[in-house]
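Inspection log for the structure reproduced underneath, given as C-alpha cells.
Number of protein chains: 2
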Amino acid sequence: MHLIPVGTDIMQANRETADANREAFLRNGVYAINIMSAPGAGKTSVLERTIELLKPTYRLGVIEGDLVTTFDADRIAAMGVPSYQITTGTVCHLDARMVHNSLHHFDISSLDVLFIENVGNLVCPAEFELGEDLKIMVYSTVEGAEKPKKYPLMFHEAEAVVLNKIDLLPYSGVSLDELTRNVREVNPYAPIFPVSCRTGEGLGGWIDWLKRQIDEARADRQHTISATA
Amino acid sequence: MHLIPVGTDIMQANRETADANREAFLRNGVYAINIMSAPGAGKTSVLERTIELLKPTYRLGVIEGDLVTTFDADRIAAMGVPSYQITTGTVCHLDARMVHNSLHHFDISSLDVLFIENVGNLVCPAEFELGEDLKIMVYSTVEGAEKPKKYPLMFHEAEAVVLNKIDLLPYSGVSLDELTRNVREVNPYAPIFPVSCRTGEGLGGWIDWLKRQIDEARADRQHTISATA
Chain D
17 MHLIPVGTDI MQANRETADA NREAFLRNGV YAINIMSAPG AGKTSVLERT IELLKPTYRL
77 GVIEGDLVTT FDADRIAAMG VPSYQITTGT VCHLDARMVH NSLHHFDISS LDVLFIENVG
137 NLVCPAEFEL GEDLKIMVYS TVEGAEKPKK YPLMFHEAEA VVLNKIDLLP YSGVSLDELT
197 RNVREVNPYA PIFPVSCRTG EGLGGWIDWL KRQIDEARAD RQHTISATA
Chain P
17 MHLIPVGTDI MQANRETADA NREAFLRNGV YAINIMSAPG AGKTSVLERT IELLKPTYRL
77 GVIEGDLVTT FDADRIAAMG VPSYQITTGT VCHLDARMVH NSLHHFDISS LDVLFIENVG
137 NLVCPAEFEL GEDLKIMVYS TVEGAEKPKK YPLMFHEAEA VVLNKIDLLP YSGVSLDELT
197 RNVREVNPYA PIFPVSCRTG EGLGGWIDWL KRQIDEARAD RQHTISATA
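Residue numbers (our numbering), protein chains in the order written: chain D, 17 to 245; chain P, 17 to 245.
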C-alpha cells in the first residue's frame, strides 16, 4: 500500500528539504552535482572516468541511488573515493529527504565536490530537486535520436547533456546530428558533450567544462564569504 | 502540485480497474499484451516486427503510452493497424484507468490481440496491473549485464524477456551469458529471447512462442464459453 499523509504537498515538502541541503552544501563549501539518466546510459561509467580526471585536483565524494544492490557504491569505493549507497526499494528516483539523511554518513566539510548519482529513470528524477548546484544528464546515443522529444523534461532541466557510447554510433543506425538537433529543440543552451567512456573520446571537453563550473562556483563563494566577513 | 484524494489506496483502486479491463478483454475475446521496458530498449521496434509477423493471422490493435508526442502511434498506424496514443504528461507509467479510458476509442470486439506499449521506464510500469493477459519486457543488451539485479521487479514480473539489440553485443562489451544468468536469478521461469530487430535474428523463436500463448488462451476461452453455454 502507498500511504500519503493527509494534506501533504509532496513537491513543496521536497523543495523545502532541498533548500536545507543547498544551505548545508554552501556552508560546508561543497559543490553538489546531480547525475541523471535512463538505466544503462552509463552514469556510473561517466562518473568513474570523471573521478579519475578530477581526483588529482579536488576532494571527491559520491552518493549512489539504486533500488537495490550496492554495486555502484562498491565500484566508486574501489577507486578510493568515499561513497554512500542509498537503496530506495521501489522508489524510482532520489528525493531531497533521502539525500539529507545520507549526509549523516559523510563528513561533507572535508569534500570539495559531491556527486549524487540518481536512480536510472528518464522521467521522475528530473522532477525532484535535491539541493544540487548542477544537474547533468547522461544519455546513451544507442537509445535513439527521438528521445529528447518523447521525454523532454530531463533534457530540458539538464545544465549539461553528456551523449555517451558514441563508439557504438556506426553500428546503431542513430544519427548524432539528429539527436543533437532534438536535444537543442528542448534545451537551447546546455552544452552537449558527445563522449565514449570506452575509448575516452570527448571526455576532455566535458572535464574542462566541469572544472570551470566547479572553480567558478568556488570563487563566487569565496567572494561572498569575504564580502560578508 | 500532486494531489492525492484523502483515503485512497491507489494500488487497490488500480487493481479494481484492472479487473474491469480484464473482464472487458475476456468478454470481447481479445488477448491483451503489456510491453514494458526502459526508454530506448526497442519496444516499438519489437512491436513493429511482431505486427509484421502476426498480421496475416490475427486482427491486431495497439495502445501506445508516452509522456508526450504521437510518434509511436504514428509508426503503428503507418502499418495499417488501429492504434491509440495515450499521452501521460508527466506520469511515468500507464495505469489501468488510462487503459480503460482508451478502450472507448477502439472497437475491441473486432480485435484478436491488443498490444499495450507502456511508457519507457524500468521501474514503475511493473507495479501497475492493466488487466493484461501477458506481461512481457524488452531489454537492450547494450544497457549492461547487471541490470536484472539492480532493477529486479520488472524482470521478475515479466512472463517473457526479449533481449534486443544483440547485433551490438560484439561492440558493447556486454556478455549475453552473464546477462542471461542475471535474468534467471530474478526470474527462473520466463522464456528469454535474444533478438535483433535490425537483423531479424532470433525473432522466429519469439513469434512462435507468442503465437502459442495467444492460441492457447483463445482455445481455453472457447472451451469455457462452450462449457457454460
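Just so it is clear, CB atoms sit at the ideal spot from N, CA and C, and this is done for glycine as well.
Chain D within 8 Å of residue i, Cβ atoms only
| i | result |
| --- | --- |
| P:Arg228 | no |
| P:Gly216 | no |
| P:Arg91 | no |
| P:Glu39 | no |
| P:Lys100 | The question names Lys, but residue 100 of chain P is Tyr in the sequence shown. Closer than 8 Å: no. |
| P:Pro55 | yes |
| P:Glu159 | yes |
| P:Gly220 | no |
| P:Leu192 | no |
| P:Lys59 | no |
| P:Glu85 | It is worth fixing the name first, because residue 85 of chain P is Thr in this sequence and not Glu. Yes, its Cβ sits closer than 8 Å to a Cβ of chain D. |
Beta carbon proximity, residue i to chain P, threshold 8 Å
| i | result |
| --- | --- |
| D:Glu143 | yes |
| D:Cys108 | yes |
| D:Lys163 | yes |
| D:Thr33 | no |
| D:Ala233 | no |
| D:Lys270 | Outside the shown range of chain D, which is 17 to 245, sits residue 270 of chain D, and nothing can be said about it. |
| D:Pro168 | yes |
| D:Asn117 | no |
Candidates the options, of which the one nearest residue i by Cα
| i | options | result |
| --- | --- | --- |
| P:Val199 | P:Trp225, P:Met153, P:Leu185 | P:Met153 |
| D:Ser188 | P:Ala29, P:Ser212, P:His172 | P:Ser212 |
| P:Gly77 | P:Ser61, P:Pro98, P:Glu68 | P:Pro98 |
| P:Met170 | P:Val158, P:Val202, P:Thr157 | P:Val202 |
| D:Trp222 | D:Glu194, D:Lys166, D:Val177, D:Ala243 | D:Val177 |
| D:Arg197 | D:Ala161, D:Gly220, D:Thr86, D:Met95 | D:Ala161 |
| P:Ile132 | P:Met114, P:Cys140, P:Ser125, P:Ser126 | P:Met114 |
| P:Asn117 | P:Asn37, P:Asp149, P:Ala89 | P:Asn37 |
| P:Lys163 | P:Asp183, P:Glu148, P:Ser191 | P:Ser191 |
| D:Met95 | D:Arg65, D:Glu148, D:Thr86, D:Glu39 | D:Arg65 |
| P:Glu194 | P:Pro207, P:Gly220, P:His172, P:Lys165 | P:Lys165 |
| P:Val139 | D:Thr106, D:Ala233, D:Gln238, D:Pro204 | D:Thr106 |
| D:Lys151 | D:Ile230, D:Phe87, D:Pro186, D:Arg91 | D:Ile230 |
| P:Lys71 | P:Leu226, P:Glu232, P:Thr240 | P:Leu226 |
| D:Glu39 | D:Arg237, D:Ala89, D:Ile92 | D:Arg237 |
| D:Arg31 | D:Arg228, D:Glu148, D:Ile49, D:Pro204 | D:Glu148 |
| D:Leu184 | D:Arg214, D:Tyr205, D:His172 | D:Arg214 |
Beta-carbon proximity of residue i to residue j, cut-off 8 Å
| i | j | result |
| --- | --- | --- |
| D:Ile79 | D:Tyr47 | no |
| P:Ala34 | P:Ala112 | yes |
| P:Gly58 | P:Asn137 | no |
| P:Cys108 | P:Val135 | yes |
| D:Thr104 | D:Leu83 | yes |
| D:Leu127 | D:Arg43 | no |
| P:Gly81 | P:Ile67 | no |
| P:Pro207 | P:Ile182 | no |
Any non-hydrogen atom of the ligand COA within 7 Å of residue i CB
| i | result |
| --- | --- |
| D:Ile152 | The ligand COA is not part of the structure shown, which contains no ligands of any sort. |
Where the alpha helix (DSSP H) through residue i begins and ends
| i | result |
| --- | --- |
| D:Ser61 | 59-70 |
| P:Asp187 | Inspection of the sequence shows that residue 187 of chain P is occupied by Tyr rather than by Asp. Taken as a continuous stretch (DSSP letters only), the alpha helix (DSSP H) holding P:Tyr187 covers 185-188. |
| P:Asn30 | 26-43 |
| P:Ala112 | 112-118 |
| D:Asn50 | Here D:Asn50 belongs to no alpha helix (DSSP H); instead the beta strand (DSSP E) covers 47-52. |
| P:Lys181 | Premise fails: P:Lys181 is in no alpha helix (DSSP H) and is neither H nor E. |
| P:Val202 | 192-202 |
Terminal residues of the beta strand (DSSP E) in which residue i lies
| i | result |
| --- | --- |
| P:Pro98 | Careful: P:Pro98 lies outside any beta strand (DSSP E) and carries neither H nor E. |
| P:Ile79 | 76-82 |
| D:Val139 | First-last for D:Val139: undefined, no H or E at that position. |
| D:Glu162 | D:Glu162 -> no beta strand (DSSP E), and no H or E assigned at all. |
| P:Pro210 | 208-210 |
| P:Phe131 | 129-133 |
| P:Leu169 | Note, P:Leu169: premise wrong, no beta strand (DSSP E); alpha helix (DSSP H) at 168-173. |
| P:Tyr155 | 150-156 |
For the structure I just gave you, are there three or more beta carbon pairs, one from the region 143-153 of chain D and one from the region 118-127 of chain D, closer than 8 Å? no
How do the region 153-167 of chain D and the region 53-61 of chain D stand: do at least 3 beta-carbon pairs fall below 8 Å, yes or no? yes
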